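> Would you mind keeping the following structure in view while I ask a few things?
Numbering (our numbering), first residue to last: 14 to 197.
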């Protein structure tokens with residue numbers, strides 16, 4: 014099959030975020046009988062469904078950490094990588110942070126899709142990282158039945174400037190920095 018004829022979306026059973034596990038099912042998965050580890054420096058965990066976790070370093074600075082990946086939502090490999098990476102990086106911005114580095118997450122059906130196509134996906138991710146002013150510093154890859162790509166991104170934020178879902182209120186300003194499109 015030529016690269017021109019490849020339609021990445023045909024390899025995705027749920028079209029990107031359509032593969033997300035429902036909140037109710039996820040709640041069941043995350044339920045635990047083990048005692049919850051309480052760390053007073055963990056300012057944002059998974060209780061509030063925020064975009065990232067935030068950890069207070071105790072010096073006025075907090076680390077922001079996120080991971081985001083999905084299956085193809087577009088057919089163009091470069092665009093798939095760029096969109097997936099941009100989506101992950103935006104989680105840091107959503108928390109009020111500044112991204113400082115990323116590592117890639119790649120699942121690839123190596124017996125179905127050529128490695129050259131995966132390279133284009135990673136190039137799209139690298140481009141998004143360069144646009145954000147951060148390095149794509151490494152990552153992890155596996156042979157997977159469907160293409161998966163995304164990033165784990167680390168950022169920093171002054172502790173007093175952390176943005177959380179629970180602190181949003183009526184009257185807060187919303188800034189659109191790009192044209193508005195439907196996203197997951």
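Ideal placement from N, C-alpha and C gives every residue a C-beta, glycine not left out.
Model, not experiment: these values are computed from the prediction.
(1) Over what stretch of residues does the beta strand (DSSP E) that includes residue 69 continue unbroken?
(2) How about residue 111 and residue 151: are their beta carbons less than 8 Å apart?
(3) Quick check on the burial criterion: 16 or more other C-beta atoms within 10 angstroms. Buried or exposed for residue 197?
(4) Since residue 145 is in the alpha helix (DSSP H), which residue starts that stretch and which ends it?
(5) Quick one: using the 10 Å Cβ neighbour count with 16 as the cut-off for buried, is residue 95 buried or exposed?
(6) Look at residue 170 and residue 57 and say whether their C-beta atoms are less than 8 Å apart.
(7) Using CA coordinates, which residue listed in 118, 147, 63 and 83 is at the minimum distance from residue 180?
(8) Report the rounded CA-to-CA distance for residue 115 versus residue 47, giving the unit in angstroms.
(9) Can you grab the Cα-Cα spacing for the pair residue 19 / residue 128, in whole Å?
(10) Name the residue from 84, 182, 55 and 183 whose alpha carbon lies nearest to the alpha carbon of residue 157.
(11) What is the residue span of the beta strand (DSSP E) that residue 166 lies within?
(12) The beta strand (DSSP E) spanning residue 184 covers which residue range?
(13) For residue 91, I'd like the list of residues in its chain whose CB is within less than 8 Å of its CB, leaving aside the five on either flank, ordered along the chain.
(14) Below 8 Å on the Cβ atoms is my guess for residue 21 versus residue 81; work out the distance and round it to an integer in Å.
(15) Between which residues of its own chain and residue 88 is the CB-CB distance below 6 Å, once the five residues before and five after are set aside?
(16) According to the Cβ coordinates, are residue 104 and residue 38 closer than 8 Å?
(17) Going by other Cβ atoms of all chains shown within 10 Å of its Cβ, with 16 needed for buried, is residue 100 buried or exposed?
(18) Can you give me the start and stop residues for the beta strand (DSSP E) that residue 149 sits inside?
(19) Taking Cβ to Cβ, would you say residue 65 is nearer than 8 Å to residue 75?
(20) According to the neighbour-count rule (16 or more other Cβ atoms, all chains shown, within 10 Å of its Cβ), is residue 123 buried or exposed?
A quick look at the data gives this:
(1) 66 to 69
(2) no
(3) Summary for residue 197: the model assigns pLDDT 48, below 50, so the residue's position carries little reliability; its value from the coordinates is reported in the next sentence. Counting Cβ neighbours within 10 Å, residue 197 comes out exposed, since fewer than 16 surround it.
(4) It spans 128 to 145 - the alpha helix (DSSP H) in which residue 145 sits, taken as one unbroken run.
(5) buried
(6) no
(7) 63
(8) Cα to Cα, residue 115 sits roughly 31 Å from residue 47.
(9) 13 Å
(10) 84
(11) 161 to 171
(12) Where residue 184 is concerned, there is no enclosing beta strand (DSSP E), given that its DSSP letter is neither H nor E.
(13) 133, 134, 136, 137 and 140
(14) Contact doesn't hold; Cβ gap of about 18 Å is too wide.
(15) 20, 21 and 22
(16) no
(17) Buried, since its Cβ has 16 or more Cβ neighbours within 10 Å.
(18) 148 to 156
(19) With a cutoff of 8 Å on beta-carbon distance, residue 65 and residue 75 are scored as not near each other.
(20) exposed
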